[in-house]
Each structure stands twice: as structure tokens, then as C-alpha cells.
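Visitor: So that we are looking at the same thing, I have put the structure below in C-alpha cells.
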Amino acid sequence: MYRKNRGGQGFTLMEMLLAVAIMAVLTAIAIPAYNGYIDKSKNDLAISYLLAIQTEIERYYTREFHYPNALSDITSALPNNGKDPWGRDYVYLNIIEGGPGTMGSVRKDHALNPINTKYDLYSLGKNGVTKKQISQKDSLDDIILARDGGFVGLAADF
6 MYRKNRGGQG FTLMEMLLAV AIMAVLTAIA IPAYNGYIDK SKNDLAISYL LAIQTEIERY
66 YTREFHYPNA LSDITSALPN NGKDPWGRDY VYLNIIEGGP GTMGSVRKDH ALNPINTKYD
126 LYSLGKNGVT KKQISQKDSL DDIILARDGG FVGLAADF
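So the sequence shown is numbered by this note's numbering: it starts at 6 and just counts up by one.
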């Protein structure tokens with residue numbers, strides 16, 4: 006009569022569809038988590054670069070008795086050749102010795118108060134766009150140095 010082939014049992018179509026569906030769900034969860042991890046690691050790297058640049062600016066001040074006019078004055082000491090993790094230059098503005106018109110260029114908080122008194126130093130963040138007021142949408146992803154170095158992090162957290 007008929008014998009069942011016990012050694013060649015395989016997966017049914019339903020089992021295969023279920024396995025593919027599970028893999029799709031796991032992938033849909035994993036990709037955004039991975040992207041969030043990448044964003045956080047780039048933000049952390051930008052923060053560490055800002056702290057290193059701040060240290061070099063303060064060393065320059067100690068040697069020269071004034072702040073640099075531009076980051077190009079301390080280029081040799083800048084981490085990653087002065088580029089942020091997204092490949093853009095850091096933005097620096099000497100507020101104290103900037104001359105006329107400087108106060109109109111300083112970064113401001115939500116109440117339009119300057120966030121620094123000596124110099125502004127920041128990265129444009131992931132989107133590469135910024136506004137003078139850090140509470141505006143385009144500036145929320147910027148990595149900033151505020152309170153004259155008392156705060157370093159995302160503008161959204163300031």
C-alpha cells in the first residue's frame with residue numbers, strides 16, 4: 006500500500022509565511038532602533054569634539070590673551086580636521102572681539118537671551134540647518150556649547 010515518507014517532511018506554506026512575517030516584524034523593529042543608535046553615537050561624538058575644541062580655544066586664550074578670531078587660528082589642534090561627524094565645519098563666533106554686528110549673529114535661547122558671552126561654538130547637527138534662536142525647529146538638532154561651556158549637548162535639551 007502507501008507508505009508515508011517520514012524522512013522528507015518539510016515546512017508547509019503556512020509555516021514558511023509565518024517565518025517570513027516574523028522576520029519582517031523583527032526587521033521593522035530593528036532598523037529604527039539601529040538608526041537611533043547611530044544618531045546618538047554621532048551626537049555623542051560631536052559633543053566630545055566640541056569639548057576638545059573648547060579646550061583648545063581656552064589654551065589659545067591663555068597663550069595669546071584673546072580668543073581666536075576663527076577656528077582656522079587653531080586648525081592644527083582641532084579633532085577630525087575641524088569637521089563634525091556629519092562632515093560639516095563647526096561654527097565659531099568670537100563675541101567679545103567680534104566687532105560691530107556681532108551681537109546680531111549670536112545664538113539666543115527661547116527668551117531671545119544670548120546663550121554665551123565669550124564665543125559661540127556649535128555643530129549644525131544632523132539636518133545641517135540652523136537658526137539664531139536655538140528653540141526653533143531647524144536648530145533643535147544642533148550640538149551647542151552654551152552658558153560659556155556650562156552646557157554642551159543638543160539644543161533641544163537646553
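Note that beta-carbon positions come from the ideal geometry of N, C-alpha and C, so glycine has one too.
Treat the numbers as computed from the prediction; the structure is a model and nothing was measured.
So for S144, helix, strand or coil by DSSP?
Guide: The count along the sequence shown starts at 1 and reaches residue 144 at position 139. Helix.
Visitor: Does DSSP put I43 in a helix, in a strand, or in coil?
Guide: Along the sequence shown, read from residue 1 onward, the residue named residue 43 stands at position 38. Looking at I43 - three-state DSSP - the assignment turns out to be helix.
Visitor: Considering only residues of the same chain and omitting the five flanking positions on each side of Q138, which have a CB-CB separation below 8 Å?
Guide: Here residue 138 refers to the residue found at position 133 of the sequence shown. The answer, listed in chain order, is R112, K113, D114, H115, L117, S144.
Visitor: Following the continuous beta strand (DSSP E) through D162, name the residue where it begins and the one where it ends.
Guide: For this step, residue 162 is matched to residue 157 along the sequence shown. Per DSSP, D162 belongs to no beta strand (DSSP E) and is neither H nor E.
Visitor: Excluding the five sequence neighbours on either side, which residues of its own chain have a C-beta within less than 7 Å of the C-beta of T80, listed in chain order?
Guide: If you number the sequence shown from 1, residue 80 lands on position 75. Cβ neighbours of T80 beyond the five flanking positions: G87.
Visitor: So, is D89 buried or exposed, given that buried needs 16 or more other C-beta atoms within 10 angstroms?
Guide: Position 84 of the sequence shown, counted from the start, is the residue given in the question as residue 89. Classification of D89: buried, given that the 10 Å Cβ count is 16 or more.
Visitor: What is the DSSP secondary structure of D111, reduced to helix, strand or coil?
Guide: As a working mapping, residue 111 is identified with position 106 in the sequence shown. A small fix is needed here, since residue 111 is Val in this sequence, not Asp. It is coil, neither helix nor strand.
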